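Working notes, structure below.
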Amino acid sequence: MPELPEVETIRKDLEKEIVGLTILDFKTEWPKKVFPSEKEVKRRIIGATIKSIERRAKLLIFHLSNNYKIIFHLKISGQLLIRCKGNPSDKYTHHVFGLSKGKQLRFADLRKFGYIKVISETEKDKELEKFGPEPLSQELNPQKFYEIIKNRKKPIKLVLMDQGIIAGVGNIYANESLFLAHIHPERKANNLSEEKAVTLYKKIEQVLKEGLEFRGASDNNYVDAYGEKGRYQEHFRVYGKRDKPCPKCGTTLKYNKVGGRGTVFCPKCQK
DNA sequence: CACATTGTTACCAG
DNA sequence: ACTGGTAACAATGT
């Protein structure tokens, strides 16, 4: 569930709190999601200092002082929490990084779908190469967006959520941006005029920025690195509002599966 | 207790 | 080689 704004919020928290600290220890109760192995991860990271923290799509990447990097994927329910040693335990914590200055980084994950991977900076990693351009960066603007989507034949919502086409957009921000752009989620991407595509891209930027402003959407169990919920869910227009009135025209919002994923839209406003 | 959940990949067909 | 469509998968609270 954490999408671009949620992961970026966590990234900023972590940057503020733990860049410059040294990793003293690593413990896991769920080695199945630690790659290449618990033992090798320990060998690679203990003693190294966290130099910088980057986000790519929905991934977080810690760059270490020793030419290794740690990649985190939170998937549906992962949380990264900054705590002090001895703080009360956090439910569903499966991995703990002991840090200098008495700090801890705890990876909690109810569903256990999230993972940790440590690789060398020079190692080519398929996972990091597959992503499309980042919205809110120089890599994308309305015209480039149009070029990227204009030949895609699948539903626009699936194009938005395809990490290989555009990085970081998930179900919440796809639903919300399509609503604001008045585009039906199942419209084929190649069916959108340049004008419509430009509008859509601007709406994507808008909802991502709103998400950042409210420190993410805690519709489910998302929390920032301090364990605090975001507030963007209070501003959803359609996401999770199946059978409620459209905020624009009052028509009952419809729910469909698009590509097997829950999708809410206004049948009147979104064509 | 079967189900919903969701980002991602595996697999297949075209 | 690439695209699109669908199933499968991770695990568990409800």
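Residue numbers (our numbering): 289 to 559. Ideal placement from N, C-alpha and C gives every residue a C-beta, glycine not left out. Source: prediction; values computed, not measured.
Within the region 305-392, the runs of beta strand (DSSP E) at least 3 residues long that lie entirely inside it are, in chain order, 311-316, 338-344, 347-352, 356-361, 366-372, 381-387. A check of alpha carbon separations from Arg299 across Ile334, Leu393, Lys559 identifies Leu393 as the nearest. According to the DSSP assignment, Ile404 belongs to the beta strand (DSSP E) that extends over 403-408.
Close CB contacts of Arg343 within its chain, under the 7 angstroms cut and outside five residues either way in sequence, are with Val295, Glu296, Arg299 (chain order).
Within the DSSP bridge table, the entry for Phe553 names Lys542 as partners. Residue pairing by DSSP places Arg394 opposite Leu369, Val384 in a beta bridge. Counting along the chain, Met449 sits inside the alpha helix (DSSP H) bounded by residues 444-449. Under DSSP, Lys476 takes part in a beta bridge, and its partners are Pro443. DSSP places Pro290 outside both helix and strand once states are collapsed to three, so it counts as coil.
Contact between Lys536 and Pro555 fails: their C-beta atoms lie close to 12 angstroms from each other, not under 8 angstroms. One alpha carbon belongs to Leu488, the other to Glu422, and they sit about 15 angstroms apart. When secondary structure is reduced to three states using DSSP, Pro535 falls in the coil class, being assigned neither helix nor strand. One Cα belongs to Leu347, the other to Gly308, and the distance between them is close to 20 angstroms. The beta carbon of Leu302 lies closer than 6 angstroms to those of Ile341, Ala513 in the same chain, with the five residues before and after it left out. Measuring C-alpha to C-alpha distances from Ser408 to each of His523, Arg332, Gly518, Leu500 identifies Arg332 as the nearest. Collapsing the DSSP output to three states places Val486 in a helix.
CA-CA distance, Pro430 to Asp313, rounds to 45 angstroms.
Here Ser465 carries a helix assignment [DSSP, helix/strand/coil]. Buried is the label assigned to Gln367, since at least 16 other Cβ atoms lie within 10 Å of its Cβ. When DSSP states are grouped into helix, strand and coil, Ile436 belongs to the helix group.
Our two residues, Lys321 and Lys532, have alpha carbons roughly 39 angstroms apart in a direct line.
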